[in-house]
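*Asks:* First the structure, then my questions, so here it is.
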Amino acid sequence: MEQSLGQDSVPGFGSFDKSRVLDVRPLRRLVPVFPSASSSSSFSTPQGAAPFVCASPAGPFPPGVSPFFPFYISAESQRPPEQNQQTPSGVGNQNTPFVFNNPISNAVPINSFRTPPSSTARVTPNQYTGTSNGDTMPSRRITRSRAQPQSQSGIAEEDGFNMSVTDGENTRKGGRSKGKFRSQKRTRGGQDINVALPDVDVDAIVDNILTSYTDTFRHADGNKESVGYALMFYDLLRRRITQLEEMKEKIPGASRTGRPDLRAGTLFMNKGIRTNTKRRIGAVPGVEVGDIFFFRMELCLVGLHAPTMGGIDYMGVKNSTEDEPLALSIVSSGGYEDSVEDANVLIYSGQGGNASNDNRNNREMKDQKLERGNLALEKSLHRSNDVRVIRGLKDISNPTGKVYVYDGLYKIHESWVDKGKSGCSVFKYKLVRLPGQPEAFTIWKSIEQWKVETTTTRVGLILPDLTSGAENLPVSLVNDVDGEKGPAHFTYISSLQYSKPVNLTESSAGCTCIGGCLPGNSNCSCIKKNGGFLPYTANGLLVNQTPLLHECGLSCQCPSNCRNRVSQGGLKIRLEVFKTKDKGWGLRSWDPIRAGSFLCEYAGQVLNISGVEELGGDYEDDYIFDATRTCEPLGVLPGDSTETPKVPFPLIISANTAGNVARFMNHSCFPNVFWQPVLRENKNESDLHIAFFAVGHIPPMTELTYDYGLVPHEKAYQRKKVCLCGSVKCRDSFY
Numbered sequence: 001m002e003q004s005l006g007q008d009s010v011p012g013f014g015s016f017d018k019s020r021v022l023d024v025r026p027l028r029r030l031v032p033v034f035p036s037a038s039s040s041s042s043f044s045t046p047q048g049a050a051p052f053v054c055a056s057p058a059g060p061f062p063p064g065v066s067p068f069f070p071f072y073i074s075a076e077s078q079r080p081p082e083q084n085q086q087t088p089s090g091v092g093n094q095n096t097p098f099v100f101n102n103p104i105s106n107a108v109p110i111n112s113f114r115t116p117p118s119s120t121a122r123v124t125p126n127q128y129t130g131t132s133n134g135d136t137m138p139s140r141r142i143t144r145s146r147a148q149p150q151s152q153s154g155i156a157e158e159d160g161f162n163m164s165v166t167d168g169e170n171t172r173k174g175g176r177s178k179g180k181f182r183s184q185k186r187t188r189g190g191q192d193i194n195v196a197l198p199d200v201d202v203d204a205i206v207d208n209i210l211t212s213y214t215d216t217f218r219h220a221d222g223n224k225e226s227v228g229y230a231l232m233f234y235d236l237l238r239r240r241i242t243q244l245e246e247m248k249e250k251i252p253g254a255s256r257t258g259r260p261d262l263r264a265g266t267l268f269m270n271k272g273i274r275t276n277t278k279r280r281i282g283a284v285p286g287v288e289v290g291d292i293f294f295f296r297m298e299l300c301l302v303g304l305h306a307p308t309m310g311g312i313d314y315m316g317v318k319n320s321t322e323d324e325p326l327a328l329s330i331v332s333s334g335g336y337e338d339s340v341e342d343a344n345v346l347i348y349s350g351q352g353g354n355a356s357n358d359n360r361n362n363r364e365m366k367d368q369k370l371e372r373g374n375l376a377l378e379k380s381l382h383r384s385n386d387v388r389v390i391r392g393l394k395d396i397s398n399p400t401g402k403v404y405v406y407d408g409l410y411k412i413h414e415s416w417v418d419k420g421k422s423g424c425s426v427f428k429y430k431l432v433r434l435p436g437q438p439e440a441f442t443i444w445k446s447i448e449q450w451k452v453e454t455t456t457t458r459v460g461l462i463l464p465d466l467t468s469g470a471e472n473l474p475v476s477l478v479n480d481v482d483g484e485k486g487p488a489h490f491t492y493i494s495s496l497q498y499s500k501p502v503n504l505t506e507s508s509a510g511c512t513c514i515g516g517c518l519p520g521n522s523n524c525s526c527i528k529k530n531g532g533f534l535p536y537t538a539n540g541l542l543v544n545q546t547p548l549l550h551e552c553g554l555s556c557q558c559p560s561n562c563r564n565r566v567s568q569g570g571l572k573i574r575l576e577v578f579k580t581k582d583k584g585w586g587l588r589s590w591d592p593i594r595a596g597s598f599l600c601e602y603a604g605q606v607l608n609i610s611g612v613e614e615l616g617g618d619y620e621d622d623y624i625f626d627a628t629r630t631c632e633p634l635g636v637l638p639g640d641s642t643e644t645p646k647v648p649f650p651l652i653i654s655a656n657t658a659g660n661v662a663r664f665m666n667h668s669c670f671p672n673v674f675w676q677p678v679l680r681e682n683k684n685e686s687d688l689h690i691a692f693f694a695v696g697h698i699p700p701m702t703e704l705t706y707d708y709g710l711v712p713h714e715k716a717y718q719r720k721k722v723c724l725c726g727s728v729k730c731r732d733s734f735y
């Protein structure tokens with residue numbers, strides 16, 4: 001009888017009759033067999049089996065063994081320096097077992113190898129490649145566990161959805177305390193730079209979020225508050241991870257963890273920090289028509305669209321006889337041959353068949369099949385159920401990124417099969433927007449038209465540029481509410497004006513970063529003052545709100561485009577002053593605004609606080625900013641410092657007769673903008689400014705508001721006004 005190769009056998013090197021293999025098992029189930037030394041008889045090698053062999057991934061390799069990804073090397077590099085051309089070192093002949101007589105020279109760091117998944121496998125996202133909206137970290141492979149039940153939409157259902165991090169995600173290490181730094185040295189342009197890498201426990205940050213807001217998340221039905229918190233904390237964590245990853249750039253041996261947006265989303269999904277876990281047809285509680293998202297993972301966290309890559313989300317619904325798939329939502333972002341010219345009608349192409357517009361891999365084109373998402377859309381046509389539509393548009397601030405706009409509910413009116421550009425059959429679905437919904441995609445198309453028109457016929461336009469060229473970008477003045485022709489006259493200035501210099505109590509010297517401040521450079525005095533971190537990411541987003549932010553200034557040697565001069569570059573977003581219905585003039589943006597983006601500074605004239613206090617209640621100024629007021633910190637993660645803004649001296653700014661766009665921002669008890677004191681390095685003078693940043697993502701044409709704050713008890717004489725913000729957190733009045 002022929003001897004089979006069981007699970008405890010290992011075939012020798014060389015060819016063998018594969019027909020004799022009767023019991024085929026995965027490689028990970030094979031038991032390694034070690035050769036028995038002459039002095040040891042603990043276990044033996046079965047007859048006919050080759051001894052167990054160890055080889056460096058970089059070689060050299062025994063006969064019949066080839067290098068594997070990612071350790072491909074040339075055959076010449078497998079030769080040790082002392083190798084004889086006829087007889088390899090350490091090998092008697094080709095028939096003797098291959099062993100090493102010398103130490104392995106090409107050692108591979110242990111972090112190059114992935115830890116095998118545990119037996120209790122957990123769901124992980126699909127494989128991602130490329131970059132996403134400024135997250136320039138290398139992507140990593142993430143696999144989906146076979147043991148986890150999978151929904152028809154390509155993502156597990158609500159109760160079983162769990163994502164595991166298998167590539168550096170679980171970064172908690174015992175014995176390391178938060179805030180400690182590990183220093184390394186690198187060179188830039190001949191200049192030595194000491195880079196301090198912090199040990200930050202990202203898992204602990206996520207645990208703090210979950211502990212602080214346990215009652216807010218994990219609800220089957222969310223609300224505006226839970227959706228807002230989920231998105232705000234997700235992007236704060238993503239920016240924090242981005243900050244840490246950017247400090248590791250060009251550091252040899254520094255462990256990278258892939259794209260920050262995917263890592264933050266995976267951690268949130270694993271911990272259950274999400275809302276609207278119940279899958280549903282129709283509107284999603286807390287998500288409003290016109291809301292914007294910069295990452296696909298955000299759609300998943302709020303329950304708007306579950307697949308993090310697929311364009312069609314669907315679920316099985318029971319009918320009289322069996323389950324049938326129904327479409328819940330679709331994402332149209334230019335990947336397929338969709339027709340998106342009409343703001344209220346979408347011609348959507350089905351999935352599959354490699355019919356996408358991006359065919360860089362020269363994949364074989366095939367006819368699409370009526371299955372999965374295509375079948376769900378077809379069933380929804382006959383059932384006439386509502387389908388959520390998310391449109392992916394080009395991000396003007398990032399050429400490779402997308403902005404995802406929730407355009408509301410649509411119905412599928414008809415379907416047909418068409419020939420695509422490849423000549424293969426493609427399913428087409430005509431979706432029509434339901435009437436009576438707020439405008440979303442229509443607003444984007446209108447703004448595109450305003451930007452290209454030299455002479456616009458827009459209703460209510462008073463001035464195309466309120467600043468008269470004082471800003472980098474024009475600021476239009478619009479009133480489509482009543483007949484008022486504009487606010488009271490004032491002089492437009494783009495920055496703060498001090499009547500006299502304010503001296504610092506301690507002398508200050510600027511940084512010497514000639515080529516610009518780099519993340520983690522412990523030699524940079526400005527970075528030291530910011531706690532060892534560069535406060536902005538590479539694309540200019542503020543990582544988190546701080547009591548006092550230190551920017552480079554006149555006494556620094558870094559250039560004007562230094563990453564630590566974000567608030568000094570003027571307007572980067574197209575703004576508009578408009579007349580509100582009940583709050584006078586307000587401020588809004590034509591462009592979508594990302595969380596952490598710089599909007600503008602508060603320009604005006606710095607007042608002498610002693611003179612203001614002498615006037616007391618007799619002093620009236622509707623355009624005043626008082627930095628001594630307090631308000632709740634908004635752009636911080638749980639566990640971070642929640643100190644109120646810390647200013648070196650009492651700063652009061654009047655924009656009554658001279659100011660900029662910031663003077664038009666109204667108060668809200670639940671704002672979408674926060675103010676941040678910024679101190680610029682200017683020798684011995686205090687160059688203090690007030691900068692405004694976005695709390696979360698802000699859709700175009702949404703009014704920009706901030707909290708005017710609470711006055712100290714000794715200033716209770718200031719006039720109290722009725723608050724008209726209309727938010728759920730309204731305090732009914734403000735100062």
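Everything in the sequence shown is counted per UniProt numbering, starting at 1 for the first residue and increasing by one. The C-beta atom is built at its ideal place from N, Cα and C for all residues, glycine as well. For clarity, every value in this text was computed on a predicted model and none was experimentally measured.
(1) For Q437, which three-state DSSP category applies?
(2) In angstroms, rounded to a whole number, what distance separates the CA positions of I390 and I652?
(3) Give the range of the beta strand (DSSP E) segment to which P677 is assigned.
(4) Can you tell me whether M309 is buried or exposed? The criterion is at least 16 other CB atoms within 10 Å of its CB, across all chains shown.
(5) What span of residues does the beta strand (DSSP E) with G408 cover, start to end?
(6) Give the straight-line distance between the Cα atoms of F476 and W590, rounded to the nearest whole angstrom.
(7) How many angstroms separate the CA atom of K428 from the CA atom of E298?
(8) Mind checking A204: buried by the 16 CB within 10 Å criterion, or exposed?
(9) Along the chain, where does the beta strand (DSSP E) that runs through L575 open and close?
(10) Taking 8 Å as the threshold, find out whether the segment 551 to 564 comes into contact with the segment 671 to 690 through three or more Cβ pairs.
(11) Tell me whether S560 is buried or exposed, calling it buried when 16 or more other Cβ atoms sit within 10 Å of its Cβ.
(12) Could you tell me the distance, in whole angstroms, from the CA atom of C725 to the CA atom of H667?
(13) Of all the options L463, G290 and L301, which has the alpha carbon lying nearest to the alpha carbon of I443?
(14) Quick one: is W416 buried, meaning 16 or more other Cβ sit within 10 Å of its Cβ, or exposed?
(15) Please go through the same chain and pick out, in chain order, the residues whose beta-carbon is closer than 8 Å to the beta-carbon of residue 767, but skip the five residues on each side of it.
(16) Between the alpha carbons of F674 and L634, how many angstroms are there, rounded?
(17) Whole angstroms is fine: what's the gap from G532's alpha carbon to N521's?
(18) May I ask which residues mark the beginning and end of the alpha helix (DSSP H) holding F233?
(19) Taking 7 Å as the cut-off, decide whether the C-beta atoms of residue 748 and C424 are in contact.
(20) Measuring only the C-alpha atoms, how far is C730 from D707?
(21) According to DSSP, which residues form a beta bridge with V331?
(22) Tell me the rounded alpha-carbon separation between N170 and L637.
(23) Would you kindly check if the distance between the Cβ of R574 and the Cβ of E703 is under 7 Å?
(24) Going along the chain, which residues of its own chain have a beta-carbon closer than 7 Å to the beta-carbon of L229, five neighbours each way excluded?
(25) Please go through the same chain and pick out, in chain order, the residues whose beta-carbon is closer than 6 Å to the beta-carbon of V678, but skip the five residues on each side of it.
(26) Could you pull the start and end residues of the alpha helix (DSSP H) that R296 belongs to?
(27) Is Q3 helix, strand or coil by DSSP?
(28) Cutting at 8 Å between CB atoms, please list the residues of its own chain near V459, excluding the five before and the five after it.
(29) So which of I209, G515, Y735 and P648 has the shortest CA-CA distance to V502?
(30) Just how far apart, CA to CA, sit I330 and G316?
(31) For my contact list, R263 and I241 are in at a C-beta cut-off of 8 Å; report their separation, rounded to the angstrom.
(32) Nearest-angstrom Cα distance between A655 and L496?
(33) For C526, does the three-state DSSP call read helix, strand or coil?
(34) Could you compute how far the alpha carbon of G179 sits from the alpha carbon of K528?
(35) Per DSSP, what kind of secondary structure is V206 in: helix, strand or coil?
(36) CA-CA distance, V403 and I292?
*Replies:* In brief:
(1) coil
(2) Cα-Cα distance, rounded: 44 Å.
(3) V673 to R680
(4) Taking a 10 Å sphere around the C-beta of M309, we find fewer than 16 other C-beta atoms and assign the residue as exposed.
(5) K402 to K419
(6) Per the sequence presented here, residue 476 reads as Ser, with Phe not at that position. If you take the alpha carbons of S476 and W590, they lie about 10 Å apart.
(7) The alpha-carbon atoms of K428 and E298 are separated by roughly 27 Å.
(8) With fewer than 16 Cβ atoms within 10 Å of its Cβ, A204 is classed as exposed.
(9) L575 to K579
(10) Flag = yes, the segment 551 to 564 and the segment 671 to 690 touch.
(11) exposed
(12) 7 Å
(13) G290
(14) Per the 10 Å Cβ criterion, exposed.
(15) Absent from the model: residue 767. The displayed extent of the chain is 1 to 735, so no value can be given.
(16) Taking the straight line from one Cα to the other gives about 7 Å.
(17) 8 Å
(18) Run containing F233: K224 to M247, per the alpha helix (DSSP H) assignment.
(19) In this structure the chain extends from 1 to 735, so residue 748 is not present and cannot be described.
(20) 11 Å
(21) I390
(22) Residue confidence is low: N170 scores 39 on pLDDT, short of 50, so the model does not pin down where it sits. No coordinate-derived value is stated.
(23) No. Outside cutoff.
(24) The sequence given here has Tyr at residue 229, not Leu. Same-chain partners within the cutoff: Y213 and T216.
(25) L549, E551, S567, H689 and A691
(26) R296 to L301
(27) Since pLDDT at Q3 reaches only 43, below the 50 mark, its modelled position is unreliable, and the value read off the structure follows with that caveat. Three-state DSSP puts Q3 in coil, outside helix and strand.
(28) D480
(29) P648
(30) 16 Å
(31) 6 Å
(32) 10 Å
(33) Helix at C526.
(34) Here the model assigns G179 a pLDDT of 47, short of 50, so the residue's position is not dependable, and the following value carries that caveat. Looking at the two C-alpha atoms, the distance is approximately 13 Å.
(35) helix
(36) 7 Å
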